[in-house]
Structures are given as structure tokens and as C-alpha cells.
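> Got a structure here, written out as C-alpha cells. Questions coming.
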Amino acid sequence: MAKGHQQHSGKPKFKVALLGNPNSGKSSLFNALTGLSQKISNYPGVTVDKKTGTISLSSGDEVEIIDFPGIYSLYPNSSDEKIVVEVLTNPKDPDYPDAIIYVAASQELEKHFLLASQIRELGIPTLFCMTMMDLNEIKGISYDLSHIESYLQMPVLEVSTLKGINIDGLKYKLIELIKTDSLPTYKESYRLTEAETAASELIGEFTDLDNPYRQLLIAHHHSWLSHLQAADRIRISAGIDDLDFNSTRFQINETLSRYNSFTPVVEKASIRSKEDELSWTERIDGVITHRVLGPIIFFGLMLFIFQAIFAWSAIPTEWIETGFASLGSWVNSTMPSGWFTDLLTQGIIAGLGGILVFVPQITILFLLITALEEVGYMSRAVFMFDGVMQRFGLNGRSIVALISSGACAIPAIMSTRTIANWKERLITILVTPLISCSARIPVYTVLIGFVVPAKTVGIFNLQGLAFMGLYVLSIVAALFSAWVFKKILKSDERSFLMIELPQYKQPFLKNVLLTVKEKVSTFVIEAGQVILIISIVLWFLASYGPSTAMNEAISQTEQTIITDQLTEDAGEDLLASAKLEASYAGHLGKFIEPVIKPLGFDWKIGIALITSFAAREVFVGTMATIYSVGSSDDEATVRERMAQEINPITGGPRYDVPTALSLLLFYVFAMQCMSTLAVTKRETKSWKWPMVQLGFMSVLAYVSSMIAFQLLT
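Using our numbering, the final residue of the sequence shown is 989, and nothing's skipped along the way.
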């Protein structure tokens with residue numbers, strides 16, 4: 277049995293690593309194997325996602341599958357790639373695998389042999405899994421698997437995750453793999469030089485490792501491997517210097533030597549039944565990445581996505597709104613009146629309803645973006661706009677962060693680790709939160725209705741066009757800010773974009789749905805926790821206040837009701853408004869009102885600005901809570917309550933076009949996300965840059981909102 281198996285409740289639980297190049301089909305295979313039995317966490321000490329899943333084999337063995345970040349070789353360039361090397365050079369690591377499934381895209385087999393041959397020399401039982409075999413049939417390509425197996429000295433098989441072909445065969449091979457007592461004799465494809473051998477032996481003096489290639493990797497990477505003691509790093513560095521160990525030169529020599537070894541193997545194993553011709557992927561790219569047609573197609577797709585967000589979500593959104601309104605009404609009529617019933621209806625139900633109502637829009641956004649990623653289009657978008665990014669002081673890889681930020685700025689900022697140049701990476705981190713993320717969708721959806729009528733002109737929904745306009749505005753702001761930072765933060769070096777354009781393929785529905793489920797669940801759970809806490813706190817602040825102020829407000833209101841002979845409903849609304857103004861929340865809003873008044877905001881909006889700093893989407897939940905406290909209309913939705921709000925100065929609607937547009941612009945530019953600031957601090961290892969980020973975005977939001985309101989007023 278393979279060594280290192282961990283015991284769980286007396287039953288062996290094998291750890292199997294999924295390793296391979298980016299875009300090799302690794303994530304698709306992970307989803308095909310684990311399905312819904314997967315979870316996401318972070319690797320210890322870093323913010324890199326770690327996906328794990330569990331499967332039960334027919335042998336009765338329970339296997340934990342770990343989906344590691346994609347990597348091209350064991351000489352990494354990014355933080356994500358270093359995770360893999362960190363684990364594979366330390367057999368004591370909790371994630372060190374008992375076996376490996378190496379995933380290779382069979383259409384580009386040669387490039388996968390580099391990493392596969394390196395891994396094989398570590399002595400870990402490995403299965404070489406060639407994916408996308410269905411595409412091979414289309415292209416008329418097949419392989420002599422026995423020839424590949426003979427060279428790698430590891431089991432080899434082909435699978436298709438799209439069609440579910442040979443997944444059971446893979447599981448059967450996995451049973452054989454994890455029960456292997458010893459590995460076949462392996463003829464190394466790369467022989468260590470005298471200096472490399474000496475360096476490897478030096479590492480053996482400081483560790484209990486006996487694998488020469490693992491020792492060599494530690495010699496190359498000792499300066500950053502966290503599992504080494506600081507004293508050992510110093511001693512290793514001194515010893516290697518005496519050996520004249522040139523790490524960069526030896527890495528290059530090893531890579532070239534390996535390619536010289538396996539290139540003939542791949543050529544001999546490849547069998548083509550069709551003449552070489554321009555592939556259909558290349559033909560599509562001739563249009564998709566065209567310098568004129570490409571951007572037009574890109575913006576057309578983005579327009580379609582934003583149109584779909586409004587058009588497709590209308591019915592489910594209405595169901596959710598009506599459901600929560602009815603639930604609040606039912607609870608009010610069923611439960612006895614009192615503080616607990618008020619907490620349920622005005623705090624918890626109103627707050628959660630205010631965010632869950634936007635799940636349809638968020639689901640549609642992630643569904644369409646994920647489908648584009650599955651097809652292979654998003655890599656083309658990155659490729660097309662590389663030149664544009666360079667002009668603004670950004671790296672080509674910055675596009676990955678900017679596009680990712682359309683979902684959430686937090687993983688987008690983390691993705692900048694692939695940018696080697698520090699200043700280009702810093703600029704990307706600073707401007708990425710300006711791109712409109714999914715957390716802004718609830719705010720945009722509510723406020724656009726007050727600025728743009730719900731009309732359709734031809735095939736275009738006006739609100740959908742406005743929605744896209746806000747995204748375009750955020751992109752322009754990000755690029756302009758990057759250009760300004762480029763002038764301020766001088767950089768003497770440049771890094772270049774290296775990105776693989778995968779072959780176009782049919783979206784794997786299971787992959788898409790699992791990704792959407794993961795993203796939406798994370799959004800709802802994380803946002804829901806924040807909103808639930810804030811809703812309860814806000815309900816308390818809005819329902820209670822200094823006793824003197826509250827009693828005075830109640831007394832004056834009761835006198836006004838008698839004097840003006842108001843109806844019961846009108847009296848309840850007036851009393852609720854007076855109590856809210858006299859509450860702790862009212863005092864807080866009144867305190868900041870002079871600062872935000874030039875923007876067209878009142879103290880109620882001020883409360884929402886403060887609470888939504890925890891997360892932008894909290895704005896809608898706050899509005900729902902504020903306008904539901906004491907309201908006599910239990911069936912009214914947050915949109916309707918906001919529409920009914922009257923500006924006491926003008927006598928018109930509080931949310932008229934100037935105010936709503938001002939508020940929209942504020943949320944386009946403002947840094948209303950504590951989590952993003954925390955991640956910026958972690959990635960830059962300083963509070964200086966988060967404060968710079970918060971400062972320039974706040975000034976941009978305040979000034980743009982004030983100009984818009986004052987001009988329209």
C-alpha cells in the first residue's frame with residue numbers, strides 16, 4: 277500500500293492530487309469525479325483557493341481529491357504555482373498526496389510532458405490522464421498509449437469529461453494506483469550534473485529526504501520554501517554558493533534536456549488520420565480576435581449579458597419580492613404584537629428579502645460569464661485587450677483581474693500575483709475595485725428604476741442599457757485612474773503577458789452549474805451573514821433611542837394626529853417617521869447629513885452609506901429595514917417604499933432623477949467594502965496602499981456625485 281495514508285475513524289483515507297497545466301481540463305475532471313461532494317477553503321497561511329472533494333471507490337476506499345492550482349513546471353513564477361512546489365517538496369505537509377492524477381489536454385500533449393516527467397521523478401504513484409478525447413476524434417488524432425506509458429512508466433488512459441467517457445475506468449485505475457506497493461523502475465529523463473548532484477547531497481544533510489530530485493528542487497527554491505527553518509535556509513544558501521550552483525542556468529538546461537528527450541516520443545506516439553489543415557479553432561479566432569471585429573463582438577456579448585440580467589430575471593425577482601412581502605404580512609398577522617415580532621418582520625425578513633431578491637440577477641451574470649469561460653472565449657478577451665492595457669501602465673495579466681472583478685474584487689486582487697512587476701501589480705490592485713462587481717447589482721437594480729423608465733425600444737431594454745453604461749463608466753474610471761498612477765508610480769521594468777488560448781469546446785453543463793452554485797452560494801451566505809447581523813443591529817438602532825427624544829417625538833406626533841384629524845394609517849406612518857428620526861439611527865444619520873447634503877442625500881440615506889461600508893449589497897437591506905420600521909403597509913416592496921418617500925423640502929419624491937443618479941454614481945466609484953481593503957492590505961503587506969485606495973475612490977465618488985446632483989438640480 278502506498279505510504280502516508282491518513283487514518284480517519286480507523287478507515288484509510290487516501291489523498292490524491294489533481295495536477296496539470298492551466299486549461300488542461302483539470303477542473304472539469306475534478307467536478308466529474310466529486311460532483312457536489314466538494315468544498316472550498318484556503319491553503320494555510322495564504323488566500324489561494326483550495327478545492328477538495330471526496331469520492332468512494334468500489335474497493336471501499338474513501339479518497340480525498342485535492343484540485344491544485346495549474347502549473348507548467350516545478351520551477352514556478354507565481355504565488356499560486358508555488359503552492360504546488362511547497363507541498364510536493366515536503367512529505368510532511370498535510371496536503372502531500374499519496375497518489376497523483378496528472379491531467380493533460382491530449383491536443384497539446386508535448387507541453388504536458390515537462391511537468392509530468394518532473395513529477396514522476398519524485399517517486400509519487402502517478403496516473404497520466406489525457407482529457408478531451410472527444411475533440412481528438414473530430415481532429416482525426418489518436419495516440420499509441422502503450423508507447424507513452426513505456427516512456428513515462430506510469431499508467432495512461434484517455435477520458436472525456438464532457439461525454440462522461442472512461443470516468444469509471446479512471447476510478448478503477450485509481451484503485452490500482454493507491455494500492456501500489458512499489459513503483460516500476462524509472463529511467464530518468466534528466467540526469468543531474470555534477471554541481472546539481474552536489475547541491476542535492478547538500479540538502480540531504482539538512483533534511484531527512486532521500487529523493488535526489490526533491491532535494492534538487494529544494495536547492496533551487498530554498499529561499500522561499502516555508503517548511504525550511506530560517507537557519508537552514510542561511511546554511512543552504514552559503515553551501516550552494518560554494519558549489520557554484522547557478523539556479524537559473526540549471527533550470528533552463530533541465531527544461532531543454534527534457535524537451536529533447538520526450539519530443540520524439542510524442543511524435544512517434546501520435547497517429548493522424550487527417551491532413552494537417554487550419555483548425556476550426558484558428559478559423560474562429562480569425563474573427564473573434566480580429567482587431568476591428570473582435571472588440572465589436574466583445575461589447576455585443578457584454579450588452580447581451582446585461583440585457584439578459586434584466587429581461588430573464590423579471591419573473592423570479594417578482595416572485596421573491598412578493599413572497600417575502602407576504603411572509604412579513606403573515607408573521608405580523610399570526611404572531612402576537614411585540615418586539616420579537618417587530619424584529620422578525622422589520623429586521624430579519626426585511627433585511628434578507630432585500631438581498632435574496634437579487635439572486636436571479638447574480639445567477640444569470642455568473643451563468644453567462646462561466647459559460648464564456650468554458651467555451652474558451654474569456655482568454656481571447658484577455659489577449660485582445662493586452663495592448664490597450666499596456667498604454668495605461670497595466671500589465672497584460674491585469675485584464676484577468678479586471679474581468680474577474682466583474683464578479684468580485686477580492687479574488688480579482690488575489691489573481692494579480694501572476695504579475696511579476698511590483699508597480700504594475702500595485703496599480704492593478706489599486707484600480708481593480710473600481711470595476712463594478714456583483715455586489716453592486718442590487719444597488720444598481722433598485723436605483724436605475726428611478727432614473728431610467730422600464731421601456732423597451734426595439735430589441736433594447738433601456739434599463740439594461742443603463743446597467744451596461746454603469747459598467748462601462750467603471751471601466752473608464754479604472755483605466756483613467758491607472759493612467760494617473762502610471763504617471764505617479766514610475767516603473768523601470770515591464771513584464772509581458774503569457775497566456776494560453778485553449779481550444780474552443782462545448783460548455784460542460786455540470787461545470788457551469790457547479791461554478792454558478794459555488795459563486796451564488798458564497799455570495800448569499802457571506803452577504804446573508806453580514807446583512808442578518810446589520811439588519812438586527814439596525815432594527816434596534818431604528819426602533820429605540822434616547823428616552824427623552826423618543827417621548828417628545830411620540831407626544832408631538834400624537835398631538836399632530838389629533839389636531840389634523842389624520843386617518844389611522846396616516847397617523848401610524850407619521851408616528852413611525854417621527855420615532856425613526858428620534859432613534860439612535862436617526863441621530864447617526866443626522867450627524868453626517870451636513871456632509872452628504874450637497875450630494876442630495878438625507879439622513880436616511882446616510883444610515884445606508886454607513887452600514888453598506890461592510891458590503892455594498894447591504895445598502896438594499898438597510899433601505900428595506902429603514903422603510904419597513906413601523907410601516908403600516910406590510911405588502912410593499914423596498915422599491916415601492918422608496919418610491920413613496922417624500923422630500924420634505926421640495927414636496928416631491930425623495931428619489932427623483934438627480935438624487936438617484938447621484939447615489940448611483942457614488943456607488944460606482946466608492947470603496948464600500950471592508951473585505952477588499954483587508955485583502956489589499958494582505959497583498960501589499962502595508963496599510964498605506966489600502967488607505968490610498970480608500971482615499972482616492974472616496975474623493976472620486978463624492979465629487980462626481982456632487983457635480984451630477986448640483987448640475988441636474
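For each residue, glycine too, the CB sits at the ideal point set by N, CA and C.
Counting Cβ pairs closer than 8 Å, one from the stretch 834-841 and one from the stretch 867-877, do we hit at least three?
Not touching, per the Cβ criterion.
> Are the CB atoms of F942 and A919 within a distance shorter than 7 Å?
Within the sequence shown, the letter at position 643 stands for residue 919. Within the sequence shown, the letter at position 666 stands for residue 942. Taking 7 Å as the Cβ cut-off, A919 and F942 do not qualify as a contacting pair.
> Does DSSP put I638 in a helix, in a strand, or in coil?
For the purposes of this step, residue 638 is taken as residue 362 along the sequence shown, with counting starting at 1. The answer is helix: DSSP assigns I638 an H, G or I state.
> Quick check on Y860: does DSSP put it in helix, strand or coil?
As a working mapping, residue 860 is identified with position 584 in the sequence shown. Correct three-state label for Y860: helix.
> Using the C-alpha atoms, what's the distance from T791 back to V635?
Position 359 of the sequence shown, counted from the first residue, corresponds to residue 635. Position 515 of the sequence shown, counted from the first residue, corresponds to residue 791. In a straight line, the C-alpha of V635 is about 15 Å away from that of T791.
> What beta strand (DSSP E) runs, 3 residues minimum, are completely inside the stretch 349-421?
As far as the stretch 349-421 is concerned, its whole beta strand (DSSP E) runs of at least 3 residues are 375-381, 402-407 and 417-419.
> Going by other Cβ atoms of all chains shown within 10 Å of its Cβ, with 16 needed for buried, is I645 buried or exposed?
Translated into positions along the sequence shown, residue 645 becomes position 369. Looking at its Cβ environment, which holds 16 or more other Cβ atoms inside 10 Å, I645 is buried.
> What is the rounded straight-line gap between the Cα of A954 and the Cα of A715?
In the sequence shown, the residue the question calls residue 954 occupies position 678. In the sequence shown, the residue the question calls residue 715 occupies position 439. Whole-angstrom Cα-Cα distance: 17 Å.
> Decide if L937 is buried, meaning its Cβ has at least 16 other Cβ atoms within 10 Å, or exposed.
The sequence position of residue 937 within the sequence shown is 661, counting from 1. L937 is buried by the Cβ-count criterion.
> I342 lies in the beta strand (DSSP E); which residues open and close that run?
Taking the sequence shown and counting its residues from 1, one reaches residue 342 at position 66. Segment E338 to D343, the beta strand (DSSP E) holding I342.
> Start and end of the alpha helix (DSSP H) containing V727?
Taking the first residue of the sequence shown as 1, we reach residue 727 at position 451. Taken as a continuous stretch (DSSP letters only), the alpha helix (DSSP H) holding V727 covers I717 to V727.
> What does the alpha-carbon distance come out to for the pair D552 and S382?
Locating residue 552 in the sequence shown gives position 276, counting from the first residue. Locating residue 382 in the sequence shown gives position 106, counting from the first residue. The pLDDT assigned to D552 is 47, lower than 50, so where the model puts this residue is not dependable; a value taken from the coordinates is nonetheless given after this. Cα to Cα, the separation comes out at about 16 Å.
> Rounded to the nearest angstrom, what separates I516 and Q527 at their Cα positions?
Within the sequence shown, numbered from 1, the residue matching residue 516 stands at position 240. Within the sequence shown, numbered from 1, the residue matching residue 527 stands at position 251. Cα-Cα distance, rounded: 15 Å.
> Give, in chain order, every unbroken run of the alpha helix (DSSP H) that is at least 4 residues long and sits entirely within the stretch 439-525.
Those alpha helix (DSSP H) runs which fall completely within the stretch 439-525 and span 4+ residues are 443-454, 470-482, 488-497 and 506-518.
> By the DSSP assignment, the beta strand (DSSP E) with F290 in it spans what residues?
Position 14 of the sequence shown, counted from the first residue, corresponds to residue 290. Unbroken beta strand (DSSP E) run through F290: K287 to G296.
> What is the DSSP secondary structure of L433, counted as helix, strand or coil?
For the purposes of this step, residue 433 is taken as the residue at position 157 of the sequence shown. The answer is strand: DSSP assigns L433 an E or B state.
> If the criterion is Cβ atoms closer than 7 Å, does the pair L632 and I596 meet it?
For this step, residue 632 is matched to residue 356 along the sequence shown. For this step, residue 596 is matched to residue 320 along the sequence shown. Yes; because the gap between Cβ atoms is below 7 Å, this pair is in contact.
> Tell me whether the beta-carbon of H498 lies closer than 7 Å to the beta-carbon of N366.
Looking up residue 498 in the sequence shown gives position 222. Looking up residue 366 in the sequence shown gives position 90. It is not a contact, given that the beta carbons lie outside the stated cut-off.
> Could you spell out the range, first to last residue, of the alpha helix (DSSP H) harbouring Y978?
Here residue 978 refers to the residue found at position 702 when the sequence shown is read from its first residue. Unbroken alpha helix (DSSP H) run through Y978: K964 to L988.
> Quick one: any contact between the stretch 444-458 and the stretch 416-429, if contact means 3 or more CB pairs under 8 Å?
No, the stretch 444-458 does not touch the stretch 416-429.
> If I follow the unbroken alpha helix (DSSP H) through R656, where does it start and stop?
Translated into the one-based positions of the sequence shown, residue 656 becomes position 380. Element bounds for R656: Y653 to M660.
> If E340 and K289 are in contact, beta carbons under 8 Å, what's the gap, nearest whole angstrom?
On the sequence shown, residue 340 is found 64 positions in, with the first residue counted as 1. On the sequence shown, residue 289 is found 13 positions in, with the first residue counted as 1. Confirmed, Cβ separation roughly 6 Å.
> Distance check for E828 and E834, CA to CA, integer angstroms please.
Position 558 of the sequence shown, counted from the first residue, corresponds to residue 834. Position 552 of the sequence shown, counted from the first residue, corresponds to residue 828. Their backbone Cα atoms lie some 10 Å apart in a straight line.
> Under the rule that 16 or more other beta-carbon atoms within 10 Å means buried, what is V360, buried or exposed?
What you label residue 360 is simply residue 84 of the sequence shown in a count that begins at 1. Buried, because 16 or more other Cβ atoms sit within 10 Å of the Cβ of V360.
> From the DSSP secondary-structure annotation, give me the bridge partner or partners of K855.
Position 579 of the sequence shown, counted from the first residue, corresponds to residue 855. Beta-bridge pairing links K855 to no other residue.
> Excluding the 5 residues preceding and the 5 following S436 in the sequence, name in chain order all residues of the same chain whose CB lies nearer than 8 Å to its CB.
Translated into the one-based positions of the sequence shown, residue 436 becomes position 160. T407, M408, M409, D410 and N442, listed in sequence order.
> Beta-carbon within less than 7 Å of K762's beta-carbon, same chain only, minus the 5 sequence neighbours each way: which residues are those?
The count along the sequence shown starts at 1 and reaches residue 762 at position 486. F668, G669 and I703.
> Does the stretch 722-742 touch the stretch 645-663, meaning 3 or more C-beta pairs lie closer than 8 Å?
Verdict: no, contact absent.
> Sorted by chain position, which residues of the same chain lie with C-beta nearer than 6 Å to L385's C-beta, five sequence neighbours on each side aside?
Here residue 385 corresponds to residue number 109 of the sequence shown, with the count starting at 1. Same-chain partners within the cutoff: V542.
> Check the C-beta distance from I717 over to Q637 and give it rounded, since I have them as a contact under 8 Å.
Indexing the sequence shown from 1 puts residue 717 at position 441. Indexing the sequence shown from 1 puts residue 637 at position 361. Confirmed, Cβ separation roughly 5 Å.
> For N737, which residues does DSSP report across the bridge?
Locating residue 737 in the sequence shown gives position 461, counting from the first residue. Paired residues: T732.
> Quick check: what's the CA-CA separation for G286 versus S304?
If you number the sequence shown from 1, residue 286 lands on position 10. If you number the sequence shown from 1, residue 304 lands on position 28. Residue placement at G286 cannot be trusted, given a pLDDT of 41 that sits under 50; what the coordinates show is reported in the next sentence. G286 and S304: Cα-Cα distance of roughly 32 Å.
> How about the stretch 478-487 and the stretch 340-353: do they share at least three Cβ pairs that are nearer than 8 Å?
Cβ pair count under 8 Å is below three, so no.
> State buried or exposed for I711, treating a residue as buried only when at least 16 other CB atoms are found within 10 Å of its CB.
Residue 711 sits at position 435 when you count from the first residue of the sequence shown. Counting Cβ neighbours within 10 Å, I711 comes out buried, since at least 16 surround it.
> Do you know how far the Cα of G346 is from the Cα of L364?
Residue mapping note: residue 364 aligns to position 88 of the sequence shown, counting from 1. Residue mapping note: residue 346 aligns to position 70 of the sequence shown, counting from 1. Answer to the nearest angstrom: the Cα atoms are 14 Å apart.
> Can you tell me whether DSSP reads P929 as helix, strand or coil?
Taking the sequence shown and counting its residues from 1, one reaches residue 929 at position 653. Of the three classes helix, strand and coil, the one that applies to P929 here is strand, per DSSP.
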